[in-house]
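Undergrad: Sharing a structure with you now.
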Amino acid sequence: MSSISTHKIPKKYVTPARRVMAVVPGLVLILALGWLSHDLSPNERVVLLRYMAMAFAGVMAFVTPHLLFPDTDKTLILQLNLSPRHLFLHHLVKLRPLWIFATAALLVIAFGDVSNPAGYVTEKLQLFGTGIIALSAIILYALYRFVTIGELSQRWNEGKIGRKMFTSMEKIGKSTPVGAGMYPTFISTILVTFVGMMSVVIAAAIPHPILTITPFVLFAGYAGLQLYHQGSHYDRLYYQSDAFYDELFTNPSTGMRDSREPAGYEAIYWVPQRWRPAVWSQIIQLDRKRPMGRIIALLSFTYWLLIWLGVPEAWFSGWLVFWVFSKNMLAWPASDSRISPPVFHWWMMPPHDWVIARFFMQIRWTLTLFLTIGIAAVMSGAVAWTEVFAWTLFDLVISAGTAWMITRSNEYVFQKKFI
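Heads up, the sequence shown is in this note's numbering, so the first residue is 89 and it goes up one at a time.
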């Protein structure tokens with residue numbers, strides 16, 4: 089069967105909740121960079137760019153394999169039999185959102201000068217161009233390192249690489265903490281971080297401003313050349329790496345492509361016995377749809393970051409409003425009739441009990457919100473304890489309101505139609 093190069097993978101429908109959670113952290117970062125750079129001098133902007141590039145290298149080292157593998161489009165790709173070139177472009181499309189956010193951040197760092205927007209235009213253009221090449225080089229190098237993981241992992245598993253090391257460890261009675269096939273992932277994570285950061289360090293050591301772009305150009309050229317050499321068999325690398333991460337990210341106990349397990353029944357001990365089965369059934373569905381723990385951690389960390397940056401009170405107060413509504417609205421998918429059949433819910437208990445059950449589900453993270461704001465009140469003077477309790481009460485009110493709204497559109501509608 090010949091490769092069908094004219095087909096493109098159709099865009100998937102993405103829920104508004106997922107779009108919001110994907111876009112908002114990047115927007116918050118851009119706003120934070122804007123706050124930091126609004127009155128910096130050209131030299132200070134260069135330093136800020138270096139910090140950003142080093143942080144970006146660390147981010148790419150960890151998120152690249154999660155963005156690329158295991159590919160949810162693999163079934164369609166197999167049917168289309170895409171060529172190596174189109175598989176490479178497919179990976180670039182997956183990494184494009186990071187490049188767009190990075191470019192937007194560069195624009196803010198280079199040109200977000202409120203005090204003198206028309207000054208130092210040449211220096212700002214040079215800074216932006218250097219940043220584009222640096223971040224593009226990091227993306228290309230991360231893609232090269234992780235797209236070849238499958239082939240390297242197979243060689244490690246077969247003992248073609250690292251055999252002497254494992255033999256020596258066995259002789260002294262030591263065992264490795266992970267399987268041999270995992271070592272290329274650890275090595276690639278370290279290399280992407282180290283090489284990306286070292287390119288920044290080398291550029292900073294060059295005294296002439298114009299020549300500071302040289303390490304990034306060489307870095308980008310090396311990454312591009314390596315990918316070019318892999319171009320003829322990129323399809324083989326794609327399927328090998330996808331198979332490796334498909335196995336790595338599959339939870340043996342659930343059979344799902346994620347290491348997250350839904351909360352156990354004993355984990356919701358704080359819910360009264362009458363509503364505990366209903367709350368548990370909803371939390372299981374929610375945990376399978378959303379990595380709520382990671383989302384809550386991101387929301388809390390961003391709130392502390394905004395306070396640490398010294399942004400106006402309206403900024404982090406607005407973020408708390410988003411925090412509360414996101415926490416409550418992200419539970420909405422669990423009420424979908426395909427996941428939560430109204431007839432099944434009616435069999436479990438009447439609608440007014442489902443309002444209470446959903447309220448308990450919605451306040452699952454209220455204590456985390458209280459602690460998040462409480463830590464800010466203890467560690468800084470930006471938040472008073474009266475505000476901590478006020479925001480907690482606000483969350484309880486919104487939780488009760490959304491619990492009623494969800495039940496109103498589900499169990500009460502079913503009761504009106506059929507009971």
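The beta-carbon is built from N, C-alpha and C at its ideal position, and this holds for glycine as well.
Taking the beta carbon of Y271 as the centre, do at least 16 other beta carbons fall within 10 Å, making it buried, or is it exposed?
TA: The residue is buried, with at least 16 neighbouring Cβ atoms inside 10 Å.
Undergrad: Quick one: grab the DSSP three-state call for P172.
TA: Three-state result, P172: helix.
Undergrad: How big is the Cα-Cα spacing for A491 and I444?
TA: When rounded, the distance between both Cα atoms is 7 angstroms.
Undergrad: For D161, which of helix, strand or coil comes out of DSSP?
TA: The answer is coil: DSSP assigns D161 none of H, G, I, E or B.
Undergrad: Give the secondary structure of T391 by DSSP, where H, G and I count as helix, E and B as strand, and everything else as coil.
TA: Looking at the sequence shown, residue 391 is not Thr but Tyr. Residue state, collapsed to three classes: helix.
Undergrad: What is the DSSP secondary structure of V501, counted as helix, strand or coil?
TA: Reduced to three states, the DSSP call for V501 is helix.
Undergrad: Please state whether DSSP places D127 in a helix, a strand or coil.
TA: The answer is coil: DSSP assigns D127 none of H, G, I, E or B.
Undergrad: Within 10 angstroms of its Cβ, does P340 collect 16 or more other Cβ (buried), or is it exposed?
TA: Note on P340: pLDDT 45, under 50, position unreliable in the model; the coordinate value appears next. Result: exposed.
Undergrad: Is there contact between the segment 274-285 and the segment 188-196, where contact requires at least three CB pairs shorter than 8 angstroms?
TA: The segment 274-285, when compared against the segment 188-196, does not touch it at the 8 angstroms Cβ threshold.
Undergrad: Whose C-alpha, out of L186, L128, T163, is nearest the C-alpha of A143?
TA: The candidate whose alpha carbon is nearest that of A143 is L186.
Undergrad: In terms of alpha-carbon separation, which member of F176, L228, S405, G406 lies closest to G309?
TA: When only C-alpha atoms are compared, the closest one is L228.
Undergrad: Express the C-alpha separation of P429 and F199 in angstroms, rounding to a whole number.
TA: Rounded to the nearest angstrom, the two C-alpha atoms are 53 angstroms apart.
Undergrad: Please identify the residue among K182, H174, L215, L168 whose C-alpha is closest to the C-alpha of S129.
TA: The candidate whose alpha carbon is nearest that of S129 is L215.
Undergrad: Can you list, in chain order, the residues of its chain with a C-beta nearer than 6 angstroms to that of V476? Leave out the 5 residues immediately preceding and following it.
TA: If we look at V476 and ignore the five residues flanking it on each side, its Cβ neighbours are I461, G462, A465.
Undergrad: What is the DSSP secondary structure of P400, reduced to helix, strand or coil?
TA: If DSSP states are grouped into helix, strand and coil, P400 belongs with coil.
Undergrad: Please identify the residue among N498, R452, A292 whose C-alpha is closest to the C-alpha of A441.
TA: Reading the sequence as shown, one finds Asp at residue 441 and not Ala. Among N498, R452, A292, the Cα nearest to that of D441 belongs to N498.
Undergrad: Could you compute how far the alpha carbon of L315 sits from the alpha carbon of F482?
TA: Their Cα atoms are separated by approximately 52 angstroms.
Undergrad: State the Cα-Cα distance for the pair G312 and K415, rounded to the nearest angstrom.
TA: The alpha-carbon atoms of G312 and K415 are separated by roughly 41 angstroms.
Undergrad: Please go through the same chain and pick out, in chain order, the residues whose beta-carbon is closer than 7 angstroms to the beta-carbon of P303, but skip the five residues on each side of it.
TA: Taken in chain order, the residues that qualify are S287, I290, A291.
Undergrad: Please say whether A419 and Q361 have beta carbons closer to each other than 9 angstroms?
TA: Cβ atoms of Q361 and A419: not closer than 9 angstroms.
Undergrad: From this set, I226, I507, F389, which residue's C-alpha is nearest M148's C-alpha?
TA: It is I226 whose Cα lies nearest to the Cα of M148.
Undergrad: Could you tell me which uninterrupted alpha helix (DSSP H) segments, each at least 4 residues in length, are contained entirely in the segment 197-252, listed from first to last along the chain?
TA: List check, alpha helix (DSSP H) in window: 209-235, 237-245.
Undergrad: Taking the alpha helix (DSSP H) that D483 belongs to, which residues open and close that run?
TA: Here the alpha helix (DSSP H) through D483 covers 473-495.
Undergrad: I'd like to know whether the C-beta atoms of L164 and H179 end up nearer to each other than 9 angstroms.
TA: No; because the gap between Cβ atoms is not below 9 angstroms, this pair is not in contact.
Undergrad: Which first and last residues belong to the alpha helix (DSSP H) in which L418 is found?
TA: No alpha helix (DSSP H) holds L418; DSSP gives it neither H nor E.
Undergrad: Can you list, in chain order, the residues of its chain with a C-beta nearer than 6 angstroms to that of V399? Leave out the 5 residues immediately preceding and following it.
TA: Same-chain partners within the cutoff: W123.
Undergrad: Taking 7 angstroms as the limit between beta carbons, can you name the residues of its chain near K162, skipping five residues before and five after?
TA: Only D330 meet the Cβ criterion.
Undergrad: Kindly provide the ranges of any alpha helix (DSSP H) runs that are 4 or more residues long and lie completely inside the segment 420-461, ordered along the chain.
TA: Taking only runs of at least 4 residues, the alpha helix (DSSP H) segments lying wholly in the segment 420-461 are 430-436, 439-450.
Undergrad: So which of V305, D159, N204 has the shortest CA-CA distance to I221?
TA: If we check each option's Cα against that of I221, V305 comes out closest.
Undergrad: Would L136 and S125 qualify as a contact pair, given that the criterion is a beta-carbon distance under 9 angstroms?
TA: A contact, by the Cβ cut-off of 9 angstroms.
Undergrad: Suppose you measure from the CA of I197 to the CA of E211; what does that come to, to the nearest Å?
TA: Roughly 12 angstroms separates the two Cα atoms.
Undergrad: Please state if the CB of W403 and the CB of L119 are separated by a distance shorter than 9 angstroms.
TA: A contact, by the Cβ cut-off of 9 angstroms.
Undergrad: What is the rounded straight-line gap between the Cα of W358 and the Cα of L484?
TA: Taking the straight line from one Cα to the other gives about 16 angstroms.
Undergrad: Could you check the C-alpha separation between R243 and I237 for me, to the nearest Å?
TA: Near 10 angstroms, if we compare the C-alpha coordinates of I237 and R243.
Undergrad: Got a sec? Which residues, its chain only, sit under 6 angstroms from M285 by beta carbon, not counting five neighbours each side?
TA: Once the five neighbours on either side are set aside, the close Cβ partners of M285 are M142, A145.
Undergrad: For P272, name the three-state secondary structure that DSSP assigns.
TA: Helix, per DSSP.
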